[in-house]
Amino acid sequence: MSHKSLFKKIFQTLEQQGYQGRMISVEHLAELQTEIEQRYYQGEMAREVYDEEPCKKFEFTNPAALPEARSLIIAAAPQPPVEATFHVNGQPFPALIPPTYFFYTDASIHQLLDSVLGPEGYHLVKARLPLKLLAVRSGLAQYGRNNITYIPGMGSFHRPVAFYTDLPCETDSWGAAAFMPRCSTCQVCCKICPTGAITPDRFLIHAERCLTLHNESDRDFPEWIDPAWHNCIIGCLECQSSCPANKDVAARTDHKAQFSEEETALLLQGTPQEQLLPETQSKIKDLEIVEFGYFHLLPRNLRVLFQQQKILA
Ligand code: B12
Ligand code: SF4
Ligand code: SF4
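Quick note on UniProt numbering: the sequence shown kicks off at 1 and runs consecutively.
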């Protein structure tokens with residue numbers, strides 16, 4: 001098959017699944033690296049965030065597993081927030097996990113790309129890169145003022161992923177970073193962000209203030225965080241769920257596990273995963289928190305949510 005036909009087939013295959021994608025040449029990696037490093041050295045990026053994984057593991061050169069990579073495919077799949085229901089004192093308590101924490105779409109995109117490229121002898125390797133910048137500069141997405149990226153039809157409720165491939169890049173969509181036009185007359189996210197992480201005076205968020213950084217961490221919550229600000233099992237949804245650009249997608253939630261009173265009590269006590277009943281383990285696995293290494297944070301994060309609702313003292 002010609003490169004042009006392959007290129008067409010890749011994007012048709014993604015679109016048939018409701019996904020979207022773009023392709024750029026690996027030649028732009030150096031520019032991507034310079035942009036990120038300049039911001040870092042100019043002090044725009046919080047060192048406590050960018051000196052840690054996954055940012056410190058960004059790789060701006062072809063991966064060892066595919067040194068002859070010629071292009072990058074950046075793709076995104078719609079991903080709604082997920083709801084899990086817990087039970088405390090006879091009361092059901094629905095709690096949300098934002099998009100991002102579910103890997104299944106990465107595997108699905110990988111599989112689809114491989115089904116097109118594999119039979120033609122091309123290879124794919126997952127990239128460790130700044131995905132928002134890549135999505136925006138490839139033309140797949142636009143930045144919102146909240147510093148999250150938006151794709152038509154998906155809003156910000158999508159999960160991006162990128163793959164290196166040895167397929168030559170014949171249609172390169174690299175361009176300048178775009179800002180969602182509607183943000184120029186809107187500041188809803190700045191006002192709603194509980195921690196003041198989004199400020200109108202600069203585009204980058206004050207990442208060190210983002211609630212997500214703190215409730216994804218093992219460290220005790222800093223004193224300046226009001227417990228009432230927590231709104232998810234992990235992460236935070238405030239600047240996305242309030243955004244008018246998400247109006248058409250915000251109502252969708254995937255309903256997953258229901259945890260009984262006994263299961264909720266065991267989780268709150270911090271019972272090790274392997275000591276939970278197999279059906280509880282399977283529900284937890286379904287939430288993908290285990291894969292992310294966040295299972296141990298559940299007792300603390302659930303407790304703070306329940307206390308806020310006065311369900312627990
Ligand atoms: C580090 C990180 C964090 C840190 C720091 C966040 C940050 N803004 O950098 C913390 C822990 C705080 C965090 C929080 C969240 N994160 Co996060 N995070 C990442 C990670 C690992 C890297 C982000 C990164 O590259 N930062 C570097 C900075 C410099 O890049 P940037 O934010 O894109 O900044 C660019 C713009 O500011 C632009 N720019 C600057 N000035 C101007 C001016 C104009 C006019 C324009 C157009 C552009 C522009 O240039 C900068 C780059 O040079 C990615 C995964 C990945 N591998 O990419 C996920 C990722 C970005 N996170 C994601 C999400 C969803 C979140 C949360 C909503 C958490 C949640 N799910 O509950 C919050 C949102 C916070 C927010 N409002 O941004 C998603 C975003 C999906 C999407 N729709 O865009 C990602 C891609 C993970 C994933 N695979 O889904 N995150
Ligand atoms: S809330 Fe308003 S300013 Fe913020 S990202 Fe959404 S449209 Fe843009
Ligand atoms: S995720 Fe929450 S804390 Fe972080 S910037 Fe958005 S609203 Fe603010």
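Every residue gets a Cβ at the ideal spot worked out from N, C-alpha and C, and that includes glycine.
- Under the Cβ criterion (8 Å, minimum of three pairs), the region 297 to 307 counts as touching the region 212 to 228.
- Non-local C-beta neighbours of Glu59 in its own chain, meaning closer than 6 Å and more than five positions away in sequence, comprise Arg128, ordered along the chain.
- For Val249, the shortest separation between its Cβ and any heavy atom of ligand 2 does not lie below 8 Å.
- When beta bridges are read from the DSSP output, Met1 appears opposite no residue.
- Shortest gap from the CB of Pro160 to any heavy atom of ligand 1: under 8 Å.
- Short of 8 Å from the beta carbon of Gln273, and not among the five residues preceding or following it, lie these beta carbons of its own chain, in chain order: Gln281, Ile284, Val290 and Phe295.
- Contact between Ala76 and Leu140 is confirmed by a C-beta separation of about 6 Å, below the 8 Å threshold.
- Bounds of the alpha helix (DSSP H) holding Asp286 are Pro278 to Asp286.
- Between Tyr41 and Ala135, the alpha-carbon positions lie close to 23 Å from each other.
- Put simply, the backbone Cα of Lys57 is about 17 Å away from that of Gly293.
- Rounded to the nearest angstrom, the Cβ distance from Pro299 to Gly270 is 4 Å, consistent with a contact under 8 Å.
- Taking 8 Å as the cut-off, one finds no heavy atom of ligand 1 near enough to the beta carbon of Lys126.
- Taken through DSSP and simplified to helix, strand or coil, Ala250 comes out as coil.
- Shortest gap from the CB of Asn147 to any heavy atom of ligand 1: under 8 Å.
- At least one heavy atom of ligand 1 falls within 8 Å of the beta-carbon of Tyr101.
- Three or more Cβ pairs closer than 8 Å define a contact, and the region 205 to 212 falls short of that threshold against the region 165 to 174.
- Contact between Pro78 and Met154 holds, with the beta-carbon distance rounding to 5 Å and staying under 8 Å.
- Apart from the 5 residues on each side of it in sequence, Glu120 sits with its Cβ closer than 7 Å to the Cβ of Met1 and Leu6 in its chain, given in chain order.
- The criterion of a C-beta distance shorter than 9 Å is satisfied by Tyr101 and Ile234.
- For Gln20, there is no enclosing alpha helix (DSSP H); the enclosing beta strand (DSSP E) has its first and last residue at Gln20 to Ser25.
- For Pro78, the enclosing beta strand (DSSP E) starts and ends at Ser71 to Pro78.
- Glu35 is not a Cβ neighbour of Leu131, given a cutoff of 9 Å.
- The C-alpha of His87 is placed about 6 Å away from the C-alpha of Phe259.
- With a threshold of 8 Å, the Cβ atom of Asn246 counts as near ligand 2, since some heavy atom of the ligand is closer than that.
- The beta-bridge partner set that DSSP reports for Pro92 consists of His87.
- Residue pairing for Ala162: DSSP places it in a beta bridge opposite Ile74.
- CA-to-CA, the gap between Gly90 and Gln275 works out to about 24 Å.
- Per DSSP, Val125 lies in no alpha helix (DSSP H); the unbroken beta strand (DSSP E) holding it starts and ends at Leu124 to Lys126.
- Between the beta-carbon of Trp174 and that of His28 there is about 5 Å, and that keeps the pair under the 8 Å contact cut.
- At least one heavy atom of ligand 2 lies closer than 8 Å to the C-beta of Cys183.
- With a 10 Å radius around the Cβ and a threshold of 16 neighbouring Cβ atoms, Arg137 comes out buried.
- Of the residues Leu117, Ser108, Ala30 and Phe103, the one whose Cα lies closest to the Cα of Tyr19 is Ser108.
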